[in-house]
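Chains as they are written, first to last, in our numbering: chain A, 662 to 983; chain B, 30 to 776.
Comments concern the structure below.
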C-alpha cells in the first residue's frame with residue numbers, strides 16, 4: 662500500500678515535469694550566415710520582422726544568430742562547421758558561395774538561401790522541385806543584366822563601352838557574364854569583364870583600368886553590395902557610371918540599380934523558415950522568384966555625368982535619389 | 030411456533046435486488062431513451078442545417094473569388110486596351126513606348142507586352158525583365174492570341190508554367206478597329222494568389238483556383254502552385270455542382286464546392302476540412318451524449334435512492350413480520366418511508382397486538398377450561414363416589430338376600446326374599462334411571478317433543494302416580510284441576526312435576542302438598558308447594574346440584590341420590606321453562622314452573638300411557654334375539670320364554686338365521702354392539718331385507734351416544750337403554766307385537 666502510493670506520487674511528478682518540459686520547449690535555432698560584411702547586418706532585419714509576423718519571437722521560442730563572413734571562405738566554413746556541431750534547425754544563407762558551402766558542410770540541415778541564380782549555380786535541380794535540403798529565393802541576378810544595360814543605354818545615347826565587375830570566386834559569374842555579354846551584343850556595346858579574385862580584393866585600381874579602356878559604365882555584381890560606397894566613389898572619380906542590382910548602390914551614388922526588392926525577398930525567407938520549422942521538407946518547397954523589382958535612379962549622379970533621364974525611365978523608376 | 034428462519038433473509042435481499050434492478054432499468058430507459066433519441070435527432074438536424082449553411086457559404090465565397098479573378102483579368106484587359114486605343118500610325122514610337130511603360134508600371138503582373146498592328150506584325154515589345162524587342166521583330170499573325178483577339182475582341186491563353194514554376198498566361202485585347210491592332214501581354218498569375226489567399230471558411234477552410242486541366246494556378250499556399258500541382262485526380266471534370274465530399278492533397282477528407290469561371294474555363298474550388306465541417310455535428314452529439322450520460326447518472330442515482338427508500342422499509346416490514354411470526358408478538362415494527370408503508374406497518378403492529386390479545390385470551394380461556402375440566406373431573410369423581418356409595422347399600426342387600434335365597438327352600442320365605450330382592454333392585458334401578466337421565470340430559474340426548482296439550486293430563490298422571498305414596502306417608506296431597514292448555518313436552522313436564530312432587534313428599538311428611546296452576550297473561554305458573562320445613566336461603570342455590578341432599582329433620586330415609594332436582598333443573602332448561610323457588614325455613618317451599626299458554630284444540634286426546642300392568646304378551650310369537658354377551662342372552666331368553674315367546678338367541682345374524690332354520694321371526698331384539706363386523710342396526714336392516722320391512726325391531730343397548738339413537742330412529746326401530754326394567758320390556762313388546770300393521774312399513 663505504501664509502495665503503491667509512492668509509485669503514484671512518482672508518476673505524478675514525472676508527468677508534471679514532462680508537461681513542464683513540453684511547455685518550455687527548446688527554442689528554434691535559426692542561423693543567418695551571410696557572405697557579406699558585418700556592415701550589411703541590416704540585411705537581417707526583414708528576416709526578423711518576417712519571423713515575428715509568423716509568431717517566432719527571439720527570446721521566447723526563437724534563437725537567431727547572425728554571421729557575416731565578409732567573403733572569407735575559411736571563416737564561412739568555420740562558422741558552418743561550428744553551427745552544425747552545436748546544432749541548428751534552419752540555416753538562412755545569403756549569397757551563392759555560402760550556399761554552396763552550406764550544401765557541402767551541412768547536409769542534414771535545411772537551408773533557406775537567398776542567391777542570385779540557384780538553378781544555374783547548381784544549388785537546386787529545378788525551381789519547382791528543389792529535391793535537396795536547399796530551397797529559398799532566387800534574386801534573379803543575371804536575368805536582369807540585359808535590362809540594366811537597356812536602361813543604361815536609354816540614359817547614355819552614345820553608349821559604346823561597358824564593364825562588368827565580378828568576383829572570380831563567385832559561381833554566378835559565368836551566368837552574369839554570359840547574360841551581360843548577350844545583352845551587350847544585342848544592344849551593340851562593347852563589354853569588358855573585370856574579375857577580382859574575391860570581394861575582399863576590391864581595389865580602386867580596377868576602375869583606373871576601366872577608365873583606360875574607355876568604359877563609360879560599369880555593371881557591378883551584386884556580391885559587392887556592402888562596398889558600394891567605395892565602388893561608387895572610386896568609379897565616379899573616373900567618371901564611370903555605376904549600375905548594380907540593389908537600390909543601396911543608387912543611394913550611394915550609383916546611376917542606376919535594378920533588382921528585386923531585397924527587403925521583400927529577405928522577409929519572404931521567413932516564410933520558408935516558418936514552414937521548415939513546422940515540419941515541411943525543403944524539397945517540398947519550390948524556390949520562389951521575386952514578384953517585385955525596384956528600379957532606383959540617382960538624379961544627382963545623372964546630372965554630374967551630364968545625363969538626362971528619359972521619361973519612360975522615370976516612369977518605370979521606383980526610387981529616385983538625389 | 031418456530032418457522033424456518035434460514036431462507037427468509039436471502040429471499041428479502043434478492044427481491045430487493047431485483048426491484049432495484051427493475052427500477053434502475055426503467056428509470057434509465059425513461060431518461061436515457063428520450064435523451065438519446067433527442068441527441069441523435071438534433072445531431073442529424075444540426076448536420077443537415079450545417080451542410081446547407083456550408084454549401085451556401087462556400088458558394089458565396091467561390092462566386093466572390095470567381096468575380097474577383099474575373100475582375101483581375103478585366104483590369105488587365107483594360108490596361109492593355111490603352112495600348113490599342115489609337116490607330117498605329119497616329120502615335121509615335123516614343124509615345125507607344127511610354128504607354129507600354131505605363132502599363133507595365135500599373136500592372137505588376139504583366140511581365141511583357143507586345144503591341145501588334147492590324148496586319149499581325151509586332152511593332153512593340155516591352156518586357157519587365159528581359160530586353161525589349163526592336164520594332165517589327167516578329168510576325169504574330171499566326172499567333173492564336175492575335176487571331177482570337179481579332180475575332181472575339183479578346184483572348185485568354187492557356188496557363189503555362191514559366192520556368193516550370195510560375196503560372197503564366199497570355200492575354201490579348203484587340204483595338205476597337207482592326208487597324209488599332211492587338212495588345213498581347215504575358216501575365217504572371219502569381220499575383221492572383223492574393224485573391225484566394227484572403228478567403229476564409231471557418232477556421233481551416235480555403236479556396237483555390239485550377240485551370241481547365243485541373244492544374245493549380247492560385248492557392249493560399251503559393252508553394253503548391255509553384256510546384257505545378259495537378260489536382261485533376263482530386264476534382265472530377267466537369268466538376269459536380271453543390272457541396273460534395275472529397276479528399277485534398279494531404280489526404281484529408283474535405284467538403285468542397287466548385288464554381289466555374291466562365292470567361293477562362295478555370296474553377297474556383299472552396300474547401301473545408303471535414304474535421305472542422307463535422308465539428309458542430311460532433312459537438313452536438315457529444316453534448317447530447319454528455320447530457321444523456323448525466324441524465325442516466327442522475328436517473329441511476331435517483332433510482333438507487335428511490336429503491337432504497339422503498340426497499341428498506343419493505344425489508345424492515347418483512348423482518349418485523351417474521352419476528353412476529355416467530356412468536357415475538359410484543360415486537361412492534363417501525364419503518365421510515367412513504368406514508369403507505371408506514372400505514373402498513375401500523376396494520377402489522379395492530380395485528381400483532383390483537384394476536385397477542387387473542388393468545389392471552391386463549392390462554393385465559395384454556396386456563397379456565399382446564400379449571401372447569403378439573404372441576405367437572407372433581408364433580409365426576411364425587412359423582413362416581415356418591416353413585417358407588419349409594420350403590421353399595423342395595424348391592425350389599427342384594428348379596429345378602431341372594432345368599433339367603435340360596436339357602437331358603439320355603440316358598441313363602443322365598444317369595445318374601447324375592448320381594449326384598451325386588452325392592453333392592455328397585456333402588457338400583459332408580460339410581461340407574463337417575464344416572465341415565467342426567468347423562469342423557471347432559472349429552473343432549475333428549476329431544477323435547479313440544480306440543481299444545483291441556484295441563485290437566487300432567488296433573489292427572491302425577492296424582493295417579495303419587496296418591497298412594499302420599500296416603501301411605503300420611504301427607505295430604507291436593508291437586509287442583511286446571512283447564513288451561515300449555516305448550517310443552519307432556520312426558521318431560523310430567524317428569525319435572527313428578528320429581529318436584531317426590532321431593533316435596535319426601536321433605537314434608539305428614540304435612541300438606543299442593544299442586545296447582547296460576548294464570549297470568551299468556552303464561553301459566555305450575556306450582557308445587559308444601560308447608561314443610563323450608564329451605565334456608567343460603568342452601569337454595571345448592572339444592573339443584575347433583576347429589577345434594579338436604580338432610581331433612583325427622584325425614585324418612587330417602588330413596589334416590591338427590592338427582593331429582595338436578596334433573597328438574599336440566600329439564601326446565603331444555604324445555605325453556607323458568608324454574609322458580611320460594612322458600613323460608615319454617616314456612617314451607619314453593620316450586621314454580623312458568624309455562625307458555627296455548628290455545629285449546631278440543632280434539633286432542635290424552636296419549637294413552639304405557640301402563641306397566643298390561644296383560645301378558647300374546648303368546649306364541651317368535652322372537653329372534655341377537656346378543657353377544659352370554660349372561661344377558663341367557664337371562665333375556667329365559668324371561669322371554671317365561672312370557673310365552675319362542676326365542677332364537679344368537680350371537681350374530683348368521684347364527685340367528687341358522688337357528689331360525691327358515692322360520693320367519695315376528696320380532697327382532699338386538700344389541701347394538703354385536704362384537705362382529707355388523708352392528709345391530711345393520712343386522713336389523715339385513716333381516717328386514719330378507720323378511721320384509723314390516724318386521725318389528727327393538728334395539729337394546731347400553732350405548733347412550735346420540736349417533737346410536739339416530740341410527741336406530743332411522744331404521745326405524747324402537748330403542749331401550751340398559752338396564753331395562755322387565756315391565757318396560759314387556760309393555761314395549763306388547764305394543765310392538767299388537768300394533769296394527771303400519772302402511773308405511775309394509776308387511
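Don't be surprised by glycine CBs; every beta carbon is placed ideally from N, CA and C.
Cα-Cα separation, residue i to residue j
i	j	result
residue 294(B)	residue 726(A)	49 Å
residue 83(B)	residue 95(B)	18 Å
residue 222(B)	residue 247(B)	5 Å
residue 535(B)	residue 737(B)	36 Å
residue 906(A)	residue 842(A)	17 Å
residue 968(A)	residue 919(A)	18 Å
residue 513(B)	residue 577(B)	34 Å
residue 532(B)	residue 687(B)	52 Å
residue 571(B)	residue 695(B)	50 Å
residue 641(B)	residue 568(B)	Legend: pLDDT at residue 641(B) = 47, less than 50; position of this residue unreliable, no value from coordinates given.
residue 403(B)	residue 390(B)	19 Å
residue 59(B)	residue 73(B)	22 Å
residue 585(B)	residue 471(B)	Since pLDDT at residue 585(B) reaches only 46, below the 50 mark, its modelled position is unreliable, and the value read off the structure follows with that caveat. For residue 585(B) and residue 471(B), the distance between alpha carbons rounds to 30 Å.
residue 452(B)	residue 424(B)	11 Å
residue 260(B)	residue 139(B)	26 Å
residue 809(B)	residue 610(B)	Any answer about residue 809(B) is impossible in this case: the structure gives chain B only from 30 up to 776.
residue 36(B)	residue 380(B)	Because the pLDDT of residue 36(B) is 47, which lies under 50, any placement of that residue in the model is unreliable, and the number read from its coordinates should be weighed accordingly. Distance between the alpha carbons of residue 36(B) and residue 380(B) is about 24 Å.
residue 701(B)	residue 710(B)	7 Å
residue 786(A)	residue 762(A)	17 Å
Closer than 7 Å at the beta carbon, the chain B residues around residue i
i	result
residue 787(A)	193
residue 710(A)	Those within 7 Å of residue 710(A) in chain B number zero; the least Cβ separation is about 19 Å.
residue 805(A)	158
residue 847(A)	160
residue 811(A)	160 and 161
Neighbour list for residue i in chain B, Cβ cutoff strictly below 8 Å
i	result
residue 947(A)	194, 252, 255 and 256
residue 977(A)	130, 133 and 134
Under 9 Å from the C-beta of residue i: neighbouring residues of chain B
i	result
residue 953(A)	137
residue 866(A)	The contacting residues do not exist; residue 866(A) stays about 32 Å from chain B at best.
residue 856(A)	Within chain B, no residue comes near residue 856(A); the closest Cβ sits about 24 Å away, beyond 9 Å.
residue 808(A)	156, 157, 158, 159, 160 and 161
residue 972(A)	123, 127 and 130
Under 8 Å between C-beta atoms of residue i and residue j
i	j	result
residue 313(B)	residue 75(B)	yes
residue 881(A)	residue 903(A)	yes
residue 56(B)	residue 328(B)	yes
residue 954(A)	residue 157(B)	yes
residue 515(B)	residue 484(B)	yes
residue 735(B)	residue 473(B)	yes
residue 128(B)	residue 111(B)	yes
residue 816(A)	residue 741(A)	no
residue 296(B)	residue 239(B)	yes
residue 210(B)	residue 147(B)	yes
residue 708(A)	residue 930(A)	yes
For residue j and residue i, believed in contact at Cβ under 8 Å, the rounded distance
i	j	result
residue 537(B)	residue 559(B)	4 Å
residue 101(B)	residue 224(B)	6 Å
residue 573(B)	residue 547(B)	Their Cβ separation, rounded to whole angstroms, is 22 Å, which puts residue 573(B) and residue 547(B) out of contact at 8 Å.
residue 545(B)	residue 556(B)	5 Å
residue 285(B)	residue 300(B)	4 Å
Interface partners of residue i on chain A, CB under 7 Å
i	result
residue 248(B)	Per Cβ cutoff of 7 Å: no residues; residue 248(B) is ~12 Å from chain A at best.
9 Å Cβ cut-off: residues of chain A touching residue i
i	result
residue 360(B)	Here the premise fails: no neighbours, minimum Cβ distance about 44 Å.
Amino acids of chain A, ordered along the chain, whose beta-carbon sits closer than 8 Å to that of residue i
i	result
residue 220(B)	952
>> As an exercise, report each continuous alpha helix (DSSP H) stretch of at least 4 residues that is fully enclosed by the stretch 736-775 of chain B, in chain order.
In response: 755-767
>> List, from N- to C-terminal side, the alpha helix (DSSP H) runs of 4 residues or more that fit wholly inside the stretch 224-275 of chain B.
In response: 251-255
> Can you give, in chain order, each stretch of the alpha helix (DSSP H) that sits fully within the stretch 934-971 of chain A and has at least 4 residues?
Replying inline: Runs of the alpha helix (DSSP H) inside the stretch 934-971 of chain A: 960-966.
> What beta strand (DSSP E) runs, 3 residues minimum, are completely inside the stretch 757-822 of chain A?
Replying inline: Runs of the beta strand (DSSP E) inside the stretch 757-822 of chain A: 772-776 and 795-799.
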